[in-house]
Structure formats: structure tokens, C-alpha cells
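Peer 1: Those letters in the sequence shown? Residues 4 to 379, by our numbering.
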Amino acid sequence: MRVCHITSLHPPLDVRIFHKECRTLTKAGYDVTLLAQADWRERAVNGIRIIGLPRITKRYQRPRVWRHIVQEVNGLKPDLVHFHDPELLLVAPLLRPARLIYDCQEPFAETVLVRRWIPRLLRYPTSRLVAFLEPLLARRTDAVVVTEDSHIDRFREGNRPRLERGRPIIVLYNYPLLSSLDFVRRSNGRTLLHVGILSEGRGSTTMIEAMSLLVRRMAGARLILVGSFDSPEDEVEVRRLIADHGLERAVELVGWVPFSDLPRWFAQADVGLVPWRSAEEFPPQIIPTKLFEYMGSRLPIVASNRPEIARFMERLDCGLLVEPGDSQGFAEAIEYLLTHPAAAKEMGERGRRAVEETYHWGSEGEKLLALYRQMA
4 MRVCHITSLH
14 PPLDVRIFHK
24 ECRTLTKAGY
34 DVTLLAQADW
44 RERAVNGIRI
54 IGLPRITKRY
64 QRPRVWRHIV
74 QEVNGLKPDL
84 VHFHDPELLL
94 VAPLLRPARL
104 IYDCQEPFAE
114 TVLVRRWIPR
124 LLRYPTSRLV
134 AFLEPLLARR
144 TDAVVVTEDS
154 HIDRFREGNR
164 PRLERGRPII
174 VLYNYPLLSS
184 LDFVRRSNGR
194 TLLHVGILSE
204 GRGSTTMIEA
214 MSLLVRRMAG
224 ARLILVGSFD
234 SPEDEVEVRR
244 LIADHGLERA
254 VELVGWVPFS
264 DLPRWFAQAD
274 VGLVPWRSAE
284 EFPPQIIPTK
294 LFEYMGSRLP
304 IVASNRPEIA
314 RFMERLDCGL
324 LVEPGDSQGF
334 AEAIEYLLTH
344 PAAAKEMGER
354 GRRAVEETYH
364 WGSEGEKLLA
374 LYRQMA
């Protein structure tokens with residue numbers, strides 16, 4: 004079967020799209036092509052043909068990318084198209100006669116509420132409009148994939164349009180690849196790690212303020228931040244906070260790194276951080292992928308006490324929970340783990356066992372293959 008994965012927003016080697024889904028399909032014998040924005044025209048990586056779409060720098064240029072997508076799909080004539088961005092629901096009918104799978108990685112209507120580029124007064128009405136249109140447009144696809152059980156509700160319940168009966172909706176949790184989490188630890192006993200997008204809603208201020216308290220108590224403590232900033236404003240604010248607190252030597256801004264380089268940073272860490280703000284300040288109800296990556300890396304975790312996070316942390320006993328935005332609480336929890344290495348190690352081992360037994364991509368890959376067999 005010829006399969007075409009499409010993203011207009013994610014990078015070509017996105018962890019979920021390329022390393023998990025596309026590689027799972029290729030190993031199972033599918034002929035996979037991926038369309039994504041890139042600086043090059045075409046490459047083959049791990050048996051997957053990647054066709055570069057023109058890069059854009061302005062949001063108003065997005066229809067240009069959509070036009071290229073339609074042209075490429077019409078030329079490729081795949082049997083199945085699997086697309087990963089809500090905006091592509093607008094052009095989905097033009098991708099026929101291929102069967103269509105819509106892969107919704109986030110609760111899009113909720114994320115609109117924290118998009119800084121949308122004027123504040125327009126965020127709520129825009130969110131409501133998206134909440135209405137997304138399930139309506141998804142009816143034009145043959146299947147929907149989501150990343151959380153709770154995300155199914157917006158396609159099936161309430162006053163919003165529902166998908167037609169018999170149209171599958173499946174959950175593919177964004178669990179980590181076990182193979183990416185095997186490494187030799189080389190930590191100094193005082194290193195904290197945050198992996199993922201940096202923004203106020205995701206707790207960047209909380210981390211910097213916690214570090215300013217921690218370095219007064221623990222010489223040599225350092226914080227590694229791996230990932231890109233959500234916006235230029237977030238970068239300016241984080242760099243200002245680091246300078247104001249005199250943390251230039253204690254905080255390392257690594258930036259985005261390729262998937263293959265992540266083990267290097269996990270190996271240096273002693274504690275993983277998930278400092279999201281409260282649900283009122285940062286609405287998206289998503290289980291952070293980094294939570295499972297830390298667990299798989301045997302790192303004890305200090306995380307915000309939000310329902311979607313706490314339900315795992317409390318049951319698995321793999322770290323400590325702190326009220327969102329409580330910098331003092333985060334500093335104290337981190338200090339406890341760094342000064343109680345035996346307890347920290349036990350938490351890390353419990354997290355690793357949970358990932359090995361349940362929370363890994365292997366089982367999710369089987370669900371993906373089952374869906375494709377159903378679509379054939």
C-alpha cells in the first residue's frame with residue numbers, strides 16, 4: 004500500500020510523525036512518503052521518501068503550502084493519506100480518492116487560548132469557532148487519531164457535529180521509543196533537565212525562579228533547557244530572567260536538537276522537570292510526552308500538580324508534585340531529590356519499569372498497524 008504522511012507545521016524528522024509512525028509503517032512493509040516543509044526538495048531517510056514543501060515565514064503564506072500539498076498528492080496518487088495538522092482539514096476533499104486519516108496531536112481549540120499571536124480578545128471566540136469546525140470538517144475523513152482518551156469527546160459528544168457511525172476514532176498515546184532511552188548516565192548529581200518547548204505557560208519562569216533559590220543552597224546545581232522557544236517574546240523573557248538572577252553559569256540554553264541527540268542530554272540529568280502552569284493559565288489538557296521520556300530515562304520527576312499529570316505520578320510514585328507556579332515548592336522538591344539519592348533512584352526505577360511494561364511506543368505502533376489494515 005502506498006501511504007503519504009503530510010504535515011504543514013512540523014519538521015520533517017518530527018519524533019511522532021517520522022520516528023514513530025512513519026518508521027513503524029516502513030518496517031511493516033508499507034511504501035511511505037512524507038511531505039513536510041524543508042530547505043531541500045527530496046531525500047530518503049530510513050527507507051522513507053521525504054519531499055520538501057516550500058518553507059514559509061508568514062502565516063498568511065500557508066495557502067501556498069496547501070496548494071503544493073494538493074499538487075504533490077495528486078502526482079503521487081497514494082492509497083492512503085495521513086495528515087497531522089488541523090488546517091489541512093480545509094483541503095482534505097482535494098486529497099481524494101485516497102482514504103484519509105486525520106491525526107490530531109493536540110486539543111486545538113484549547114491551544115488557541117494560549118497563542119500569543121492571536122489578539123487576547125479574539126482567543127475565546129476563535130477557540131469556540133475551532134471547537135465547532137474541527138469535528139464538522141473531520142467528518143470528511145475516514146478515520147481520526149487522537150493522543151488522549153479525553154480528546155475523543157470533542158468528536159463524539161455534546162452539541163457539536165459527530166463523526167458518522169462506523170468511522171473509527173483511535174487513541175495513539177505519544178509514548179516514547181524504548182530504544183531511544185538506553186544510555187550510560189554521566190550526571191554530576193546536581194543537574195536538572197527540561198525537554199520541550201519553552202514558554203510561560205509551560206513553566207519557564209517557574210524553573211528560572213526555582214533555580215535562583217536552589218543555587219543559594221546547592222553549589223554546582225545547573226539547569227539544562229533543551230528545546231525551542233514558543234515565541235520570540237518567550238525567549239526575551241527567559242533570557243532577561245536568567246540575567247536578572249545572575250544564572251548565566253547555572254542555566255544552559257541548548258535549543259532544539261535532533262531526536263538522535265536527546266540521549267546525550269538525558270544521560271547528564273538527575274531530575275526531570277514538568278513545571279506547567281495551572282489549567283486556568285495554560286488550558287491544554289495534554290499528558291506531556293516528556294513525562295514518559297523522563298520515566299524511561301530513570302529520572303525522578305518534579306512536576307506541576309495538574310490532573311492529567313497527577314493521575315500518573317501518584318499511581319506510579321515516580322516523582323514529586325508541586326502546585327503550579329510555586330517556585331519555592333519546586334526548589335524544595337528538587338533539593339529533596341538531589342539530597343536523597345536513594346529515594347530518587349527508587350522513583351526513577353519505578354518510572355522505568357512502568358515504561359518498559361506499559362508506556363512505550365511498541366503497543367501504540369501495533370494499534371497504528373491495525374488501523375491501516377482496517378483502512379486497506
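Even for Gly, the Cβ is constructed at its ideal location relative to N, Cα and C.
Going by CA-CA distance only, name the one from Arg19, Pro14, Gly32 and Ala101 that's closest to Glu75.
Peer 2: Here the closest residue by C-alpha is Ala101.
Peer 1: Please name the residue, chosen from Met298, Pro310, Phe269 and Arg252, that lies closest to Trp279 on a Cα-to-Cα basis.
Peer 2: Of the candidates Met298, Pro310, Phe269 and Arg252, the one whose C-alpha sits nearest the C-alpha of Trp279 is Pro310.
Peer 1: Using three-state DSSP, classify Asp106 as helix, strand or coil.
Peer 2: Looking at Asp106 - three-state DSSP - the assignment turns out to be strand.
Peer 1: List in chain order: all unbroken beta strand (DSSP E) runs of 3+ residues lying wholly within the stretch 281–323.
Peer 2: With a minimum length of 3 residues, the continuous beta strand (DSSP E) runs that stay inside the stretch 281–323 are 304–307.
Peer 1: Would you please state the rounded distance, in angstroms, between the beta carbons of Ala31 and Ile53? I believe it to be under 8 angstroms.
Peer 2: Going by Cβ atoms, the distance from Ala31 to Ile53 rounds to 18 angstroms, so no, they are not a contact pair.
Peer 1: If you run the structure through DSSP and keep just helix, strand and coil, what is Thr144?
Peer 2: Correct three-state label for Thr144: coil.
Peer 1: Determine which residues share a DSSP beta bridge with Ile227 and list them.
Peer 2: Beta-bridge pairing links Ile227 to Leu196 and Glu255.
Peer 1: Within 10 Å of its beta-carbon, does Asn384 have 16 or more other beta-carbons around it, so buried, or fewer, so exposed?
Peer 2: The shown model of the chain, from 4 to 379, leaves out residue 384, and the question about it has no answer.
Peer 1: Got a sec? Which residues, its chain only, sit under 8 angstroms from Met29 by beta carbon, not counting five neighbours each side?
Peer 2: The amino acid at residue 29 is misidentified as Met; the sequence shows Thr. Excluding residues within five positions, the ones whose Cβ falls inside 8 angstroms are Val35, Asn49, Gly50 and Ile51.
Peer 1: Quick one: what does DSSP say Val274 is sitting in, helix, strand or coil?
Peer 2: Val274: strand per DSSP, three-state reduction.
Peer 1: Entirely within the stretch 9–75 and at least 4 residues each: give me those alpha helix (DSSP H) ranges in chain order.
Peer 2: 26–30, all fully within the stretch 9–75.
Peer 1: Can you tell me where the alpha helix (DSSP H) with Val187 in it begins and where it stops?
Peer 2: Val187 -> no alpha helix (DSSP H), and no H or E assigned at all.
Peer 1: With a threshold of 8 angstroms, are at least 3 pairs of Cβ atoms found where one atom belongs to the stretch 277–291 and the other to the stretch 203–221?
Peer 2: A contact exists between the stretch 277–291 and the stretch 203–221.
Peer 1: Leu132 by DSSP, collapsed to three states: which one?
Peer 2: Helix at Leu132.
Peer 1: Taking C-alpha atoms, which residue in Glu326, Leu91 and Leu97 lies nearest to Gly78?
Peer 2: Out of Glu326, Leu91 and Leu97, Leu97 has the C-alpha closest to the C-alpha of Gly78.
Peer 1: What are the partner residues of Arg5, as DSSP defines its beta bridges?
Peer 2: DSSP output for Arg5 lists Asp34 as bridge partner(s).
Peer 1: Classify Leu374 as helix, strand or coil using the three-state DSSP reduction.
Peer 2: Leu374 falls in the helix class under three-state DSSP.
Peer 1: Ala224 and Leu217 - do their beta-carbons sit closer together than 8 angstroms?
Peer 2: Against a cut-off of 8 angstroms, the Cβ pair of Ala224 and Leu217 comes out as a contact.
Peer 1: With a CB to CB cut of under 7 angstroms and the five nearest residues on each side skipped, what residues in its chain are close to Ala253?
Peer 2: The answer, listed in chain order, is Met214, Val218, Ala224, Arg225 and Leu226.
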